[in-house]
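Enquirer: Mapped onto this note's numbering, the consecutive letters of the sequence shown carry residue numbers 20 to 391. Note that beta-carbon positions come from the ideal geometry of N, C-alpha and C, so glycine has one too. Because the structure is a prediction, the values reported are computed rather than measured.
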Amino acid sequence: MTTQPDKHQKHAALKRPALGDFGRNEIGILGAPCGLIRELAQQWCAVLGEQWKVSFVDADHHEEAQLWRGADLIYTDKISFGRIDFKQEHKPFRNRVLFNDQDLILINGNHFKAQKQIAIIHPAKSLEKKLEKLTDVQLILLADGVTEVPAFLNHLADVPVLKLEQQAEILQFLQTQLTAAIPPIHGLVLAGGKSIRMQTDKGSIAYHGQNQRIHTHHLLAEFCDEVSLSGAEEEGLPTIPDTFIGLGPFGGILSAMQKNPNAAWLTLACDLPYLTSATLQYLVGRRNPSKLATAFLDSDAQFPEPLITIWEPCAYPVMLQFLSQGYSCPRKVLINSDIELLHAPDVKEFRNVNRPEERDEALRFFKGEASA
Numbered sequence: 020m021t022t023q024p025d026k027h028q029k030h031a032a033l034k035r036p037a038l039g040d041f042g043r044n045e046i047g048i049l050g051a052p053c054g055l056i057r058e059l060a061q062q063w064c065a066v067l068g069e070q071w072k073v074s075f076v077d078a079d080h081h082e083e084a085q086l087w088r089g090a091d092l093i094y095t096d097k098i099s100f101g102r103i104d105f106k107q108e109h110k111p112f113r114n115r116v117l118f119n120d121q122d123l124i125l126i127n128g129n130h131f132k133a134q135k136q137i138a139i140i141h142p143a144k145s146l147e148k149k150l151e152k153l154t155d156v157q158l159i160l161l162a163d164g165v166t167e168v169p170a171f172l173n174h175l176a177d178v179p180v181l182k183l184e185q186q187a188e189i190l191q192f193l194q195t196q197l198t199a200a201i202p203p204i205h206g207l208v209l210a211g212g213k214s215i216r217m218q219t220d221k222g223s224i225a226y227h228g229q230n231q232r233i234h235t236h237h238l239l240a241e242f243c244d245e246v247s248l249s250g251a252e253e254e255g256l257p258t259i260p261d262t263f264i265g266l267g268p269f270g271g272i273l274s275a276m277q278k279n280p281n282a283a284w285l286t287l288a289c290d291l292p293y294l295t296s297a298t299l300q301y302l303v304g305r306r307n308p309s310k311l312a313t314a315f316l317d318s319d320a321q322f323p324e325p326l327i328t329i330w331e332p333c334a335y336p337v338m339l340q341f342l343s344q345g346y347s348c349p350r351k352v353l354i355n356s357d358i359e360l361l362h363a364p365d366v367k368e369f370r371n372v373n374r375p376e377e378r379d380e381a382l383r384f385f386k387g388e389a390s391a
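Okay, here's the thing in structure tokens:
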């Protein structure tokens with residue numbers, strides 16, 4: 020008896036983000052004339068756009084508008100918005116870059132597929148011959164004059180049904196979808212290694228009765244579904260080894276995002292012994308998942324503090340873009356991105372402990388606090 024050789028794995032088995040052809044959280048609208056779909060999308064964008072980043076994907080087959088002869092791409096500053104026209108055909112890999120930061124992508128499902136669908140029962144557009152497009156129907160809408168769901172959709176008996184005129188209820192449904200799509204928070208302890216200035220491993224110092232790696236892990240565990248260490252190992256604690264080598268904290272953050280690109284990552288440096296759970300609670304409570312990140316201003320109130328930050332999943336491709344342009348500074352990413360920037364309740368908690376004299380001062384402080 021002979022055994023088959025193991026199938027050769029040509030590529031690394033990377034975990035992929037939950038993306039459709041355009042991005043995260045796609046909802047296709049189909050079953051009605053395109054004009055009505057466009058009108059509905061415009062109404063929903065007007066309301067949902069006050070809180071979320073919402074986009075619309077449509078097709079226009081009219082020949083009046085043409086790209087300049089010989090031009091491959093044209094960018095136009097329209098004052099209140101910008102427009103990009105390009106020649107290349109619709110390709111998912113390009114689309115996902117364009118729609119990377121969108122919370123909800125509404126799609127004309129008559130022309131494009133989407134991860135989820137809203138099916139409209141309309142007398143002018145039967146869905147009977149489009150059942151293959153109904154892969155994950157979340158809501159059924161009855162157009163004016165329609166009183167029931169047709170028999171060919173009996174397999175969708177558990178899907179909620181609303182009338183098209185019930186706009187308040189439809190918007191509440193979309194709000195619920197957006198809230199449910201907020202990524203979970205995972206924690207990352209930026210443990211580093213031996214510090215030249217400290218002349219020892221900063222993560223091994225015990226200010227609170229246990230070393231800083233364990234203490235920081237416990238701080239994050241209050242607010243995160245999972246917590247891992249980066250840059251060092253600690254017995255009994257999960258570790259994410261660096262897959263982006265030689266990039267410091269930037270590489271540690273990217274390595275965590277590579278391991279799970281569908282989670283938001285709350286990063287916390289282990290050399291912040293003064294930091295309290297109250298400050299982390301303040302950060303998590305004011306998280307804006309519609310931004311690339313939620314961060315504090317640093318102790319000088321000048322720049323974002325990248326080592327106490329919630330990075331949303333959309334930050335992963337952006338950080339890779341910065342890396343491809345020769346930048347490996349997480350602060351530079353925050354400065355040049357759309358983020359939620361907070362003033363910390365007490366910036367004194369951001370004091371780094373990098374030198375032996377600062378370590379001794381902190382040890383005396385916490386010893387006095389414990390004996391008080």
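Please state whether the Cβ-Cβ distance between alanine 251 and alanine 210 is less than 7 Å.
Expert: Yes. Within cutoff.
Enquirer: Compute the distance between the beta-carbons of alanine 363 and valine 372, then report whether it is under 7 Å.
Expert: no
Enquirer: In angstroms, rounded to a whole number, what distance separates the CA positions of tryptophan 284 and isoleucine 272?
Expert: 8 Å
Enquirer: By the three-class DSSP mapping on this structure, what secondary structure does serine 223 have?
Expert: helix
Enquirer: According to the Cβ coordinates, are valine 66 and leucine 190 closer than 7 Å?
Expert: yes
Enquirer: Just grab the DSSP bridge partners of tyrosine 94 for me.
Expert: Ile103
Enquirer: Would alanine 138 pass as a contact of glycine 50 if the rule is Cβ separation under 7 Å?
Expert: yes
Enquirer: Just confirm the distance between the C-beta atoms of isoleucine 126 and phenylalanine 41, as a whole number of angstroms; I'd bet it's less than 8 Å.
Expert: 7 Å
Enquirer: I need the DSSP call for alanine 391, collapsed to helix, strand or coil.
Expert: Legend: pLDDT at alanine 391 = 35, less than 50; position of this residue unreliable, no value from coordinates given.
Enquirer: Exposed or buried, which one is leucine 174 when buried takes at least 16 other CB atoms within 10 Å?
Expert: The displayed chain sequence assigns histidine, not leucine, to residue 174. So histidine 174 ends up on the exposed side.
Enquirer: Classify asparagine 44 as helix, strand or coil using the three-state DSSP reduction.
Expert: coil
Enquirer: Buried or exposed, going by whether 16 or more other CB atoms sit within 10 Å of the CB of asparagine 279?
Expert: Asparagine 279 counts as buried, since at least 16 other C-beta atoms from the protein chains shown sit within 10 angstroms of its C-beta.
Enquirer: Under the rule that 16 or more other beta-carbon atoms within 10 Å means buried, what is isoleucine 259, buried or exposed?
Expert: buried
Enquirer: For lysine 29, count neighbouring Cβ atoms within 10 angstroms of its own Cβ and tell me buried if that reaches 16, exposed if not.
Expert: exposed
Enquirer: My guess is that histidine 227 and phenylalanine 385 are in contact by the Cβ rule of under 8 Å, so how many angstroms apart are they, rounded?
Expert: At roughly 6 Å, the Cβ-Cβ gap stays under 8 Å, so histidine 227 and phenylalanine 385 are in contact.
Enquirer: Going straight from the alpha carbon of histidine 130 to that of aspartate 77, what length do you get?
Expert: 7 Å
Enquirer: Jot down the residue ranges of each uninterrupted beta strand (DSSP E) in the stretch 217-278, minimum 3 residues, whole runs only, in chain order.
Expert: 245-249
Enquirer: Looking at C-alpha atoms only, which residue of Lys351, Ile358, Asp319, Ala297 is the closest neighbour of threonine 306?
Expert: Threonine is not the amino acid found at residue 306; the sequence shown has arginine there. Looking at the Cα atoms, Ile358 is the closest of the given residues.
Enquirer: Counting only runs of 4+ residues fully inside the stretch 309-366, write out the alpha helix (DSSP H) ranges in chain order.
Expert: 334-343, 349-354
Enquirer: So what does DSSP say about phenylalanine 4, is it helix, strand or coil?
Expert: Beyond the ends of the chain as shown, which are 20 and 391, falls residue 4; an answer cannot be given.
Enquirer: Threonine 295 to glutamine 185, Cα distance in whole Å?
Expert: Linking threonine 295 to glutamine 185 through their CA atoms gives a straight-line distance of about 47 Å.
Enquirer: Kindly give me the distance between the Cβ atoms of asparagine 281 and proline 332, rounded to whole angstroms, as I take these residues to be in contact under 8 Å.
Expert: 6 Å
Enquirer: Using only the alpha-carbon positions, how far apart do glutamine 136 and proline 111 sit?
Expert: 18 Å
Enquirer: In whole angstroms, what separates the C-alpha of glycine 206 from that of leucine 238?
Expert: 9 Å
Enquirer: Quick one: what's got a C-beta closer than 7 Å to glutamine 218's C-beta in the same chain, skipping five residues either side?
Expert: Pro375
Enquirer: Report yes or no: do three or more beta-carbon pairs, one from the stretch 141-149 and one from the stretch 162-173, lie closer than 8 Å?
Expert: yes
Enquirer: Taking C-alpha atoms, which residue in Glu254, Cys243, Thr95, Leu302 lies nearest to glutamine 229?
Expert: Cα-wise, what sits closest to glutamine 229 is Glu254.
Enquirer: Would you kindly report the start and end of the unbroken alpha helix (DSSP H) that includes alanine 60?
Expert: That run of the alpha helix (DSSP H) goes 53-67.
Enquirer: Pull up the DSSP beta-bridge partners for asparagine 127, would you.
Expert: Ile48
Enquirer: May I have the straight-line CA-CA distance separating phenylalanine 263 from glutamine 61, to the nearest angstrom?
Expert: 42 Å
Enquirer: Work out the CA separation of lysine 152 and glutamine 340 for me, nearest whole Å.
Expert: 34 Å
Enquirer: Would you give the residue range spanned by the beta strand (DSSP E) that glycine 206 belongs to?
Expert: Per DSSP, glycine 206 belongs to the beta strand (DSSP E) from 204-209.
Enquirer: Going by C-alpha distance, which of Cys289, Tyr301, Ser247 is nearest proline 276?
Expert: The residue asked about is misnamed: residue 276 is methionine in this sequence, not proline. Methionine 276 has its Cα closest to that of Ser247, out of Cys289, Tyr301, Ser247.
Enquirer: Between valine 180 and leucine 161, how many whole angstroms is the CB-CB distance? I'm expecting something under 8 Å.
Expert: 7 Å
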